[in-house]
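Protein chains in written order, with our numbering: chain R, 148 to 607; chain H, 148 to 607. Using N, Cα and C, we set each Cβ at its ideal position, and we do this for glycine too.
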């Protein structure tokens, strides 16, 4: 136990980063086909660290490592692997090894593994499970994908609401099949509907004759089994829940979700938002080259179309540009400033929608505020660009055109930066996914049109 | 208790979003100066929902509400408020009200409140605390900002490693000052160094004569008090910890961090990343107009400088553009595609650095991979743009220039998209903060230079 202090697998300067000398030693024993040495190195590691190690070594070393160590492969390692790599690893394992590895997993972890697999692999794993586990897993898979029903564990510790502390403790003592982790005892009415819960700390700290009802937590909330997992994560984060009972349509207890699962979902939701805002798909650095190129292609293709659209605006002003070529050098400045300001508003808005801070109620106030922020910064940069035009190019008229164009574009950027994600959200489209393109297209087109249009009126 | 089922404050269609009819009712009683009615509406709400309500109503309604309800203000509501608004609310409260509100808070929540306040407000709150609490809070404030020492609660449940289940339960029963929430009993050696911990579930489910050591969790890890809170959140997420003992330099137990606090930090770290990637500061929609404009100004100013830099590249090719004005319309396409591809690589890289999946070990492999992804997509779009140039403008030479320029720019975008954040990270700068500008500047300049340079060689 005290060995844990030394944490040999951790490097000193960068906490929790896998020690690269450990990785070197693993690669060395793999090269020597030394199964025993490999097991000695991997066994002390947490499953999450083994998964990270598999993600960090090259594909050919990984294949060799799996061939050597496959039989020692733990189901937990599979659970921790990046989805892209997980399929590769599952393919690389013998069916018997795979069946052995997953037999130790809790049913909710098996569900999580199965969700992302193709049908043949899925069936192979289901066949490997015992009858009881298979039924439990299949039952969970009946709930909608990414719902509370898939996230929950089916093992619960519950008792009638009229019990005392002593009755509860005796019950827990006698239960031979307690879940691996539990933090509350759930109180249910005679219809099996949860009515509150008591922390184990309170159970342990109270006298045997105290009624459980008197110890109930204030922050109790039930989660419908069909609730999207993103909302589950939100509820845990908003109300500081540690675990929450899951109920079916009639309010009956069907399972429990614990905060560690909610934390994983919160992390995944964030990853999805940040990747979608950048148009980077579900990408991770362990995906294969072609997979990554394919994921990013669609957003680039959309961007090509909108960039061509914006270039059509410029084409309308070709004669202006041919008379004053410097306009061609200056117009990207106006467009780029608009794109940046739009991205700022957009990101704040996408985040506020995710945290439910932006609602129909305060929508107009927020839109007005963002447009005004754009206007304020527009006026500040108008002064800067006006001066730039005057002193660098010696033309007050050019300075004025730059100044007015930047005010218009930053104002529009603020307006569409918040408006586009709000409208997409109302339409049921993920605002992180599609707003970016729209905002950039608008700020490019408005930027080019305002600047070249004003220049045509004033300068030529 | 069963009232919780109805959850009157929740709207049906959008889970956990504040019901707007509730907000209307609150505003109505505020208009009527009806303190009793206001208290009746606010009292059943969770502190986090009251905070959301304060964030969603206008500034003048908020001032009126606080004047009416101030005395009922709960310290938990202050903890839940957005930082920007928190200062406003604290200013609006009478010193006596404020002192009363925070008296109920746990010491780690007081520390969290104090961290972001100016010195005079900070001292006012410290004075309001009892002697014991003030010493505890001041002790925590001695740890570095955003460290484990600030995050931990000082109340721990610990016992000697040689204890049995029975001894542990008797000890917990007799302790009059148990923490509000605890999930483990920490085992310590005679020097007060943690050597393992036992879940309360195992304590409850085991016979009295079982040794605690036999029930220890495998996933046990200690956290140094000076560890940055971002690393703490990472450890909880990576190793699925529920609570973790915090130790000082000599390995002695000084406090404990629970997963709910780690989840809040994880959420904040994500928010910081996504906002910094967009150059939106620490922005939230409840910040004031001027505050927001000021937060976004620096990034826009940097962007203005780099945009002017990129425009200087274009100026070098003025004579080429004046001979073939269509180049002015096409050059933003190349720059924009590069900017997008660079942002994709950059975002995946920033995320991989945050999750410690990208290390010195696999750095070169990842850089090569991203550059190759850029190359692959570059070749695909080269075909598209080549065709566009040929069929739309009837010029094979123009198509070829577009094609070669896009290959060069997407290759460079992949390379700097991963290279820039990696280098910044090595230099100790947050890669989310500064990489975006750098990548966009490089892809703009390379895009303009490659396209206009090739055009100068081939077309004019």
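- Residue environment analysis places residue 351 of chain H among the buried positions, since at least 16 neighbouring C-beta atoms fall within 10 angstroms of its C-beta.
- In the DSSP assignment, residue 287 of chain R forms no beta bridge with any residue.
- Under DSSP, residue 551 of chain R shares a beta bridge with no residue.
- Here the alpha carbons of residue 168 of chain H and residue 188 of chain H stand approximately 12 Å from one another.
- Bounds of the alpha helix (DSSP H) holding residue 540 of chain H are 510-540.
- The alpha-carbon of residue 217 of chain H is positioned some 57 Å away from that of residue 234 of chain R.
- Under the 8 Å criterion on CB atoms, residue 163 of chain H is classed as interfacial with respect to chain R.
- Sorting H/548, H/284 and H/526 by C-alpha distance to the C-alpha of residue 440 of chain R places H/526 at the top.
- Taking 8 Å as the threshold, the shortest C-beta distance from residue 451 of chain H to chain R falls below it.
- Take the alpha-carbon of residue 179 of chain R and the one of residue 240 of chain R: they are about 20 Å apart.
- Within 7 Å of the CB of residue 454 of chain R, the CB atoms of chain H belong to 479, 480, 483 and 484, in sequence order along the chain.
- Under the 10 Å beta carbon count, residue 277 of chain H is surrounded by fewer than 16 other beta carbons and is classified as exposed.
- For residue 318 of chain R, the three-state secondary structure derived from DSSP is helix.
- Within 10 angstroms of the beta-carbon of residue 446 of chain H lie 16 or more other beta-carbons, which makes it buried.
- For residue 383 of chain R and residue 389 of chain H, the gap between their C-alpha atoms comes out near 14 Å.
- The Cβ neighbour count for residue 407 of chain R, taken over all protein chains shown within 10 Å, is at least 16; the residue is labelled buried.
- A residue is called buried once 16 or more other Cβ atoms fall within 10 Å of its Cβ, and residue 396 of chain H, having fewer, is exposed.
- For residue 332 of chain H, no alpha helix (DSSP H) encloses it; the enclosing beta strand (DSSP E) starts and ends at 331-335.
- Here residue 326 of chain H carries a coil assignment [DSSP, helix/strand/coil].
- In the three-state DSSP reduction, residue 442 of chain R falls in the helix class (H, G or I).
- Residue-level contact by beta carbon holds for residue 519 of chain R and chain H, with a gap shorter than 8 Å.
- The beta carbon of residue 274 of chain H does not come within 8 Å of any beta carbon belonging to chain R, so the residue lies off that interface.
- One thing to note: residue 587 of chain R has its Cβ within 8 Å of the Cβ of residue 489 of chain R.
- Boundaries around residue 226 of chain R are those of the alpha helix (DSSP H), 222-227, since no beta strand (DSSP E) includes it.
- When secondary structure is reduced to three states using DSSP, residue 427 of chain H falls in the coil class, being assigned neither helix nor strand.
- Not one beta carbon of chain R lies nearer than 8 Å to the beta carbon of residue 309 of chain H.
- Spatial neighbours of residue 482 of chain R in its own chain (CB-CB distance under 7 Å, excluding positions within 5 residues in sequence) are listed in chain order as 590, 591, 594 and 595.
- Look at residue 446 of chain R: its C-beta is under 8 Å from a C-beta on chain H.
- In this structure, the straight-line span from the alpha carbon of residue 290 of chain H to that of residue 414 of chain H is close to 22 Å.
- Beta-bridge partners of residue 307 of chain R (DSSP): R/335.
- Here residue 309 of chain H is exposed, its C-beta having fewer than 16 other C-beta atoms within 10 Å.
- The beta-carbon of residue 509 of chain H is placed less than 8 Å from the nearest beta-carbon of chain R.
- Taken atom to atom, the span from the alpha-carbon of residue 583 of chain R to that of residue 400 of chain H is near 48 Å.
- Between the beta-carbon of residue 557 of chain R and that of residue 536 of chain R there is about 17 Å, and that puts the pair past the 8 Å contact cut.
- CA-to-CA, the gap between residue 585 of chain H and residue 567 of chain H works out to about 7 Å.
- Apart from sequence neighbours up to five positions away, the residues of its chain that approach residue 522 of chain R with a beta-carbon distance below 8 Å are 554, 557, 558 and 561, ordered along the chain.
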